[in-house]
Structures are given as structure tokens and as C-alpha cells.
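Protein sequences appear in the order of chains S and W.
All residue numbers for the first sequence refer to my numbering, where the first residue is 228 and numbers rise by one.
All residue numbers for the second sequence refer to my numbering, where the first residue is 36 and numbers rise by one.
Glycine residues also receive a C-beta, built at the ideal position from the N, C-alpha and C atoms.
Owing to the predicted nature of the structure, the values given are computational and were not obtained by experimental measurement.
One structure below.
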Amino acid sequence: MAETINEVKFSDAAMAEIQRYISHYPEGRHKSALLPILHIAQAEFGGWVSPEVMDKVAEILDIQPIEVYEVATFYTMFNLKPVGKHVLEVCRTGPCCLRGADELINTLKRKLNIEEGETSADGMFTLKPVECLASCGTGPMLQVRELFYENIDSEERVDEFLAMMRQKEHETPVWAQQS
Amino acid sequence: MGLKILTEHINVPGIETLEVYRKHGGYKSVEKALKTMSPEEVVEEVKTSGLRGRGGAGFPAGMKWSFLAKPEGVPRYLVCNADESEPGTFKDRWYMEKNPHGLIEGMITSSYALGANTSYIYIRGELMFILRILEKAIAEAYAAGLLGKNIMGSGYDLDLHVAPGGGAYICGEETALLESLEGKRGNPRNKPPFPAVKGLFQSPTVVNNVETISSVPWIVNNGGAEYAKVGIGRSTGTKLISASGNINNPGVYEIELGVPVEEFIYSDEYCGGIWKGRQLKAVVPGGSSVPILPANLILKTAAGEDRLMTYESLSDGGFVTGSMMGSGAFIVFDEAQCIVRNTWNYSRFYHHESCGQCSPCREGTGWMEKVLHRIEHGHGHQQDIDLLVSVAKQIEGNTICPLGDAAAWPVAAAIRHFRDEFEWHIKHPKEATAPGAVYRGQLDAVTA
């Protein structure tokens, strides 16, 4: 597998950010940086973490690959399969449902012609219902990468949102902006 | 308008910058504590204040601090729990976004009191945009000599870091949070040992909620006794309430503990009443895990007294006729909402979020979700209601962490107060599954 690992290369900006996180922890406790590094990896490599990427993370932290797999599979933010350009993480929990989250999810399914967990035919959107995002006062809402889109409570707002996202490129994470 | 301890300056333009924050009295508590008080004196003030943990458990913060073990030559840690994940709760996210220096000031003053030289803010990974705000503010604080070596010439050193989670409700439980902060799966630890003895990196650790820590500067500046004068009885001070659901003005409100529930729901100063001119059906007053109460029991206690926004009044009547303050997540249901559907939704949440370590929770939450799903979708059996009560009982108290209880309570409470609505779903599946159908206390389906 060594050849595959070698193909995964983090950018200099990403490596600098990884080192910054590692420096936050005491000597010998560098594994603590695993979650932040997985976030960086996901932003670097198309919104998901492949086994090869996870192996690379293990190599960077000098831990066993299984220690990365068991963490990446536990936390719902890490996508373990390829995703569309924009992953629509729609809150489906109670408080948002009181204000129309079920309708939002159904409208997105209909307009994108996909079911939950699927990616639209043009590769633009993946629909990923998630649990409470701490935005209950402004529901129904969804998250794409680092940003929240709130009060999407009508079909017109869904249309506006999708039209905007079709034009939109990913924001560059703060740590990658200097380079 | 009550006293605003946390939010007095929250709408001042630029308050997220160090310059504006300091203009409005920011970081005074750091100077006062580090230059004129011993760490023990700060702990004493927090004890005197009666401040209780604002994350949900309501445990007295000063007492928690005094349990911290202090073995020679072993570092101690303060970890801020910013993993706000309890459905209905968004106060910490709102506070950190608007006033990041408020939390950082609290972290410095509290870390000094506990003798911690490295502290962490563990924030849920979905709030990465808040992490960026906090990191920007922390960089300003370092540049101004409020963090780092020899803070304000006091000889006290503190490093403060922010760490993101990865999307797991369980990491709001303090030992699961510590596991996650160490780069592992968020499986709660067996207690004892408690974090106060063996916490982060096996060192003595205090874990406190964002709001708890952010209340400390005011207490240091004004004295614990002054804080204790606000509120009623053992519910001292102010509380941030996240108001959501079918109300006119959802949002975060800082209240002096003791405001009547009725005033909180209907006053324009707070929720502004039920939206669309509808009637109040029920309230979950403290986050999805606390018992739901029907309108009559949230407004008045069983004894007929006004229900107040305090720890004691919200829990008056125990779980038979009361609920809990919890995290202060106040979720309001109007007459058009289906209790069965909502209970199924919550059960799905807890099933999804169970870490899987303890069988009663891992299996029981799945059973509850499955049974509630079939009732909601018109395939319920007559014995399902008792089955749910039985499963909930077998989860409660039989798990390492409180997620089991949190999953069991809402189901038990929904059946306790809305049993006829569950029975209607089972007896009249066709009517109950019609679009917009809602049970209104009689056996008639009303199309919304």
C-alpha cells in the first residue's frame, strides 16, 4: 500500500495548520490533534476522507491506521465515501421540525431528484440529513462546509438557495488563505 | 428588563474585538483576580455566588471547582464544554459568536482560580465558523499580553487553545468530551475516577459549560454575594434561555432566574406568544431530554402555583407533574404539532447518538425508535405503549453516562401526559396518518 500512501500529499498550508494543532498538546499527546487533522484532510481532499487519506493521517501522527479509522467512523462529520460538490447537511431534529424541517428535506429531495444520502446526477449536491446544529431559533436550516444557511422556510427560499449554491465555489479555509 | 450579566454589551458594534470589549469594561476581572486575589479567593467568590452549571446538570460550579485534586508536580486543566448539542440549545453558539472575549476572559480568570496553565475550549465541529471567531479573539488576547507568559505582569502563565469535535452529541458528556479531546472515539468513561482526579491526559480537570465560565468575570468584579442576590433561592443569577419552536420571537434571552413561565412565553420582551394565533399545546423547557409538559402544567404547578423559570420551580412535582431547567432550551409546541411524531423524532436522535458502549442504551434506543416509528406510521400495536414504558424503564439508570436517561425520559413523559394521543394513533391509523392530522383531545382528526 506504500505507493498509494505516497500519492496523498497535503499542501504546505495544510501541513502548517496540522503542525499548529499538534503544538497545542503536551509532549507525547499529539494524537489529540486527530479530529482537527481529519477536518483539514476533508477540506483538502474533496469533502471526504478515503482510506488512503486516513493512512496518511496515521503516518503524520505516527499512530496505527486503525486509530484513525475508528475515530473517522465514529464522528458523523467525516464522510467516508465520495460526495457531491456541496454537501447539504440539513437539520432534521425536533425543534427545526416544528418550523418546517421535514418540508425542507422533502423539497430538496424533489428538486434534486435524490433520496437522503444520495448525490444529484450532476454531482453538485449531496443530501445529508443531520442532527441538531444548535440553530433552533433560525430553523429550518442547513450547513454547507463551515457555513450555516438559516430560515429556509419556503419553496422560494429553497430555490434561491440552490441557485446561489450552483454558482458558488467553496470558501477557502482561513488556514489556506495566506498561501 | 432584568439585570444583564452576560449580555449587557452584546449588541455593541465591534464588541467581538478586543478594543471595543475593553472599552466596555472587558478583562477587568483578569486584572482584579491576578493582581489582588489568590486563586482560593476566586474559588470562594464563585462558591458564594451559588452559580450552577449552565450546561444542563445544574451542579454548583464553586463546589465542582473545590473538588479538583492538587497533587504536586501534576498539571491541572480547565476544559470549556462548547459542544452545545442538546436539541433546542443554541445559547452558547450565539454568545460565542457575538462576544468571544466574554468567554476568553472567563477562561483566564477561571484557569487562574484552578491553577491551570493550559486550557482548552472544546467546540462542536459543526461550529467551525465560531472556532475561527474564537481563535481570532485569542490571538488578540495573546498580542495584548492577556494570554501567554506572565499575564499582566502577575507571574501567571496561561495558554488557551480551541479544539473542534467531529459531530457527536455524546461528546457533550464530560468524560466523552475528554476522550474526544484526546483524539479518540467519544465513549464516556466509567466514574470514578472523576475528571477532578483523573481527567484530561489523566490529570485533574474541571469541565465547565461556556455560559458557566462566562459568568465568572461578573462574579469576580462584583462579588459572589452580589450575584447571589439575583434570582430566587438556590437559583441565583441570570440564565441564557434558547427559545425555539412555534413562537413569534425565537432567540436567546438572558433572564433573571424567577421570571414566570407565562410571562416568558407571552410577553413581547421574550417569546412574544404563540405564532399564527394558535394555542399553546406543550413545552419542553430544558432541552430534548427533559420531560415534556402539557400547557396547563408548564404554566402552573400541580398545586396551582405559577411556574417560574428557576431550577426548583421547573422541577416542582418531580417527573410526575414537573420537568427540569436543563440547558435552558425552551421548545414550544403549538396545537398543530403531533406529540407522537415529535417523540419518534427525539428517539431517532438518541438512537443515532448513542455511542453503543452500553447494551441498554444501544439496543433500547433502537427499540424505542422502531416502536415509535410504527405507531406514527399507522402500524402500532395495542401493547406498544406499555412496551415503550418498559423499555424506557430498563434503559434509565442502567448506563455509564446519562444519555440513556436522556433517551428514556422524553418517551416516558410523552406517554405520561399524552397517552390518549398515542392510543388514538394506534386505534385510528388511517385518520392519524392523513396529511396534517393532529389529535386534539377528542377522537376527531383535524386537518391543519
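- Query: Where does Thr346(S) sit, in a helix, a strand or coil, going by DSSP?
  - Reply: strand
- Item | Endpoints, alpha helix (DSSP H) assigned at Pro464(W) | 464 to 467
- State the beta-bridge partners of Ala317(W) as determined by DSSP. Pro329(W), Phe368(W)
- DSSP three-state call for Ala92(W): helix, strand or coil? coil
- Message: Counting only beta-carbon separations shorter than 9 Å, does Val314(S) have a partner in chain W?
- Response: no
- Task: Specify whether the segment 54 to 67 of chain W and the segment 256 to 270 of chain S touch according to this definition: at least 3 beta carbon pairs, one from each stretch, less than 8 Å apart.
- Result: no
- Just the Cα atoms here: how many angstroms apart are Ala480(W) and Thr247(W)? At Ala480(W), the pLDDT of 39 sits below 50, so the modelled position is not reliable; the number obtained from the coordinates is stated separately. Roughly 45 Å between the two C-alpha positions.
- Item | Contact set between Ala172(W) and chain S, taken where Cβ atoms lie within less than 9 Å | Going along chain S, no residue has its Cβ under 9 Å from Ala172(W), so there is no contact; the nearest lies around 14 Å.
- Query: Given 8 Å as the limit, is there contact between the segment 293 to 300 of chain S and the segment 208 to 224 of chain W, that is, 3 or more CB pairs closer than that?
  - Reply: yes
- Message: If contacts are defined as beta-carbon pairs under 8 Å, then Leu321(W) and Ser362(W) qualify, I think. What distance do you get, rounded to the angstrom?
- Response: According to the sequence as given, residue 321(W) is Gly; it is not Leu. Confirmed, Cβ separation roughly 6 Å.
- Please name the residues in the segment 243 to 259 of chain S whose beta-carbon is closer than 7 Å to at least one beta-carbon of chain W, in chain order. His251, Pro253, Arg256, Lys258, Ser259
- Phe94(W): buried (16+ other C-beta within 10 angstroms of its C-beta) or exposed? exposed
- Query: CB Ile165(W) to CB Leu195(W), shorter than 9 Å?
  - Reply: no
- Interfacial residues, the segment 362 to 382 of chain S to chain W, with Cβ spacing under 9 Å: Ser362, Cys363, Gly364, Thr365, Gly366, Gln370, Arg372, Glu373, Leu374, Phe375
- Message: On the criterion of 16 or more Cβ atoms from any shown chain inside 10 Å, does Thr71(W) qualify as buried, or is it exposed?
- Response: exposed
- Helix, strand or coil: which one does DSSP assign to Ala203(W)? coil
- Message: At the level of alpha carbons, what is the spacing between Tyr262(W) and Glu330(S)?
- Response: 45 Å
- Query: With DSSP run on the structure shown, which of helix, strand or coil describes Leu262(S)?
  - Reply: helix
- Query: Does DSSP put Arg87(W) in a helix, in a strand, or in coil?
  - Reply: strand
- Query: What residues are listed by DSSP as bridge partners for Phe352(S)?
  - Reply: His313(S)
- Provide the residue(s) that pair with Ile282(W) in DSSP beta bridges, ordered along the chain. Ile309(W)
- Item | Whole-angstrom distance between Gly97(W) and Ser154(W), CA atom to CA atom | 18 Å
- Test item: CB-CB of Asn243(W) and Gly90(W) under 9 Å: yes
- Task: Within the segment 99 to 157 of chain W, note down every full alpha helix (DSSP H) run reaching 4 residues or more, in order along the chain.
- Result: 126 to 133, 135 to 149
- Nearest neighbour of Tyr112(W), chosen from Leu149(W), Phe125(W), Lys428(W) [CA to CA]: Leu149(W)
- Query: Going along the chain, which residues of its own chain have a beta-carbon closer than 7 Å to the beta-carbon of Ile290(S), five neighbours each way excluded?
  - Reply: Lys258
- Message: Rounding to the nearest angstrom, what Cα-Cα distance links Pro464(W) and Thr210(W) in this structure?
- Response: 43 Å
- Outcome for Met391(S) when other beta-carbon atoms lying within 10 angstroms are tallied against a minimum of 16: exposed
- Query: Is the Cβ of Thr334(S) closer than 9 Å to any Cβ of chain W?
  - Reply: no
- Message: Can you list, in chain order, the residues of its chain with a C-beta nearer than 6 Å to that of Cys306(W)? Leave out the 5 residues immediately preceding and following it.
- Response: Ala278, Ile282, Asn284, Ile300
- Item | For Arg313(W), the nearest candidate out of Leu328(W), Gln372(W), Ser350(W) (CA to CA) | Gln372(W)
- Determine, using beta carbons only, whether Phe299(W) comes closer than 9 Å to chain S. no
- Message: Please report the distance separating the alpha-carbon of Glu342(S) from that of Val232(W).
- Response: 48 Å
- Can you tell me the Cα-Cα spacing of His313(S) and Phe352(S), whole angstroms? 5 Å
- Out of Thr399(S), Leu339(S), Ala260(S), Thr320(S), state which residue places its alpha-carbon closest to the alpha-carbon of Pro122(W). Thr320(S)
- Query: In the structure shown, what three-state DSSP assignment does Ser270(W) receive?
  - Reply: strand
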